[in-house]
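Chains as they are written, first to last, in this note's numbering: chain D, 1 to 263; chain U, 264 to 526.
Don't be surprised by glycine CBs; every beta carbon is placed ideally from N, CA and C.
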DNA sequence: CTGGTGCGTTGCAATATCTGCAACGTCCAT
DNA sequence: ATGGACGTTGCAGATATTGCAACGCACCAG
């Protein structure tokens, strides 16, 4: 809508790929060098880009600080975190928390597996929306028409032989997930990795987030992982209760929540 | 330099404080509502802001994803991380990694203490630059004139009775730190918290990052913490060696480094 | 039911703002 | 020296951005 801003913002993902010099930025943007320079300058003033010693531009610190603030404001995350940690302590596997936002599902928290073999994922990174267990739960809860619209728009990459192949199959899967109130991903994203997931609901019953436990075949079989389902669901329910204000917040470890700012 | 971009970017920190509606954004920016609307729309298209169900705007997901990418590109961080973890396993306390960037020092990695009492800090958050041990190391290594310029510009908040009171004292402290090659913060930020820090150097000998171990008095005394100094320095040196390419990268646990993307 | 208030949204005309150009400075390698 | 690559600046023209005023809509109170 606003050309100047549009161009300026386009610079950021570009720099995320790695440092770039002025000429490169200008080229990729399709504008004159002087224009790119002025945009970069503005970004720089706000701390969004940083000019390293070799004169090339990198993403700046303020960006990181902002994102961190953004995450702290997500109150589901804050409430859920101790529960995720506890769950991880109980089962040892990687625990994820994800939310849906504008056609994307993204991880907003993660507790690493205690086993040496870990799965690759990244907080803030959009998840493989057509196969991830958490994505299924989040999409399954969208209103009928919106869900349909989103599902139709998606691509269906065949990560493995068990990936969801197309919209139709996905809709069917979502219906099932919606029905049973939990979801799995059995090797749909990476051949050897399985997940079990459960929804976290707000006071009105709508799914606000989803959590999952993931483990590679070499550690536990899919069947063994499924035995954790009740535990995962209980954890998710506990978070739901706390998030929607039904459960009096119970602090297993009150020192876990330090004061914001001043001592 | 560019008014439009400038205004657009100013919206982000504003939203970081919490969700805001159009009117509020327009007011704070000092522009007409329609102008604010168009800026927000552009930010929205890029995923930097998100419109929640009550129509108010929040910081968006792309911001988080970008910041995460930005951090992954910091290669000091990547190299240092396993070392930080190992150090944490050895001593049990909170370990921080920080870099200097444009008049600020900020944490770019953190491994939490295993003790229940933890210190409050946040990745991406600028540190208390006048007192933090890591900040001293990073500033101490700046070229004379630049260091002086920065130090003069700073505020010297008295967090505690032992905080650095003014520029003069700070310069003196920096000289000492520069001399000895390590730094401490003994209750300068929070009465009951002490830190020991050591520098990480690039191939040219310049300090590229600094790491610290922090622990509250209730867990270990300052003297006890100081006994960790040799260990901290060895760790920092190990990171330096690897970062500057002198040391052949040695994998204590090769499975620690998952492949990027595809399996 | 109705009038009012608060909010987001749109079309428009005026102009302030941004753009691309061309020229300059600097650094580096040939 | 000399050429090229790169970042930087002043300028005039063009275009994108702005604020206004009017509209639509939802919500609330009388």
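Starting from the beta carbon of residue i, find every residue of chain U whose beta carbon is closer than 8 Å, and list them in chain order.
i                     : result
residue 50 of chain D : 364 and 365
residue 61 of chain D : 364, 365, 367, 369, 387 and 389
residue 16 of chain D : 329, 332, 333 and 336
Pick out whichever of the options has its Cα sitting closest to the Cα of residue i.
i                      : options                       : result
residue 372 of chain U : U:392, U:433 and U:351        : U:351
residue 500 of chain U : U:477, U:366, U:470 and U:449 : U:470
residue 156 of chain D : D:148, D:150, D:167 and D:149 : D:167
residue 92 of chain D  : D:3, D:115 and D:78           : D:115
residue 298 of chain U : U:449, U:427, U:462 and U:274 : U:274
residue 70 of chain D  : U:287, U:364, U:388 and U:289 : U:388
residue 264 of chain D : D:131, D:154, D:222 and D:213 : Outside the modelled stretch of chain D, which goes from 1 to 263, sits residue 264 of chain D, for which no answer is possible.
residue 20 of chain D  : D:53, D:242, D:215 and D:4    : D:53
residue 180 of chain D : D:137, D:49 and D:111         : D:137
residue 286 of chain U : U:278, U:277, U:296 and U:280 : U:296
residue 28 of chain D  : D:46, D:47 and D:8            : D:8
residue 228 of chain D : D:102, D:145, D:130 and D:196 : D:196
residue 170 of chain D : D:50, D:128, D:123 and D:17   : D:128
residue 1 of chain D   : U:278, U:268 and U:305        : U:305
residue 395 of chain U : U:408, U:415, U:360 and U:416 : U:360
residue 183 of chain D : D:45, D:192, D:193 and D:198  : D:198
residue 102 of chain D : D:153, D:216, D:159 and D:185 : D:153
residue 134 of chain D : D:158, D:60 and D:211         : D:211
residue 63 of chain D  : U:325, U:330 and U:324        : U:330
residue 49 of chain D  : D:200, D:16, D:73 and D:86    : D:16
residue 105 of chain D : D:83, D:81, D:141 and D:145   : D:141
residue 242 of chain D : D:46, D:83, D:56 and D:40     : D:83
residue 80 of chain D  : D:165, D:45, D:149 and D:202  : D:202
residue 337 of chain U : U:321, U:363 and U:322        : U:363
residue 65 of chain D  : U:413, U:276, U:423 and U:353 : U:276
residue 422 of chain U : U:440, U:454 and U:406        : U:454
residue 189 of chain D : D:85, D:163, D:174 and D:224  : D:163
residue 174 of chain D : D:86, D:147, D:123 and D:193  : D:147
residue 26 of chain D  : D:204, D:221, D:193 and D:57  : D:57
residue 225 of chain D : D:3, D:187 and D:200          : D:187
residue 482 of chain U : U:428, U:456 and U:314        : U:456
residue 467 of chain U : U:480, U:340, U:508 and U:314 : U:508
Can you give me the start and stop residues for the beta strand (DSSP E) that residue i sits inside?
i                      : result
residue 216 of chain D : 207-216
residue 447 of chain U : 446-449
residue 232 of chain D : No beta strand (DSSP E) contains residue 232 of chain D, which is instead part of the alpha helix (DSSP H) from 229-243.
Taking C-beta pairs closer than 9 Å, name the residues in chain U that residue i reaches, listed in chain order.
i                     : result
residue 39 of chain D : 264, 265 and 268
Report the partner residues of residue i according to the DSSP bridge assignment.
i                      : result
residue 312 of chain U : U:322
residue 463 of chain U : U:472
residue 456 of chain U : U:479
residue 283 of chain U : U:320
Starting from the beta carbon of residue i, find every residue of chain D whose beta carbon is closer than 8 Å, and list them in chain order.
i                      : result
residue 305 of chain U : 1, 2, 5, 6 and 9
residue 388 of chain U : 65 and 68
Got a sec: does the ligand GTP put a non-hydrogen atom nearer than 7 Å to the Cβ of residue i?
i                      : result
residue 287 of chain U : Because no ligand of any kind appears in the structure shown, any question about the ligand GTP cannot be addressed here.
If I follow the unbroken alpha helix (DSSP H) through residue i, where does it start and stop?
i                      : result
residue 426 of chain U : No alpha helix (DSSP H) holds residue 426 of chain U; DSSP gives it neither H nor E.
residue 31 of chain D  : From DSSP, residue 31 of chain D is part of no alpha helix (DSSP H); its letter is neither H nor E.
Which residues in chain D have a C-beta closer than 7 Å to the C-beta of residue i? List them in chain order.
i                      : result
residue 276 of chain U : 66
residue 309 of chain U : 9
Going along chain U, which residues have a C-beta under 7 Å from residue i?
i                     : result
residue 71 of chain D : 327
### Query
Residue ranges of each beta strand (DSSP E) run of no fewer than 3 residues wholly in the segment 378-421 of chain U, ordered along the chain?
Listed in chain order, nothing qualifies, since the segment 378-421 of chain U has no complete beta strand (DSSP E) run of 3 or more residues.
### Query
What residue ranges within the segment 333-383 of chain U form continuous beta strand (DSSP E) runs of no fewer than 3 residues, ordered along the chain?
Those beta strand (DSSP E) runs which fall completely within the segment 333-383 of chain U and span 3+ residues are 357-364 and 367-374.
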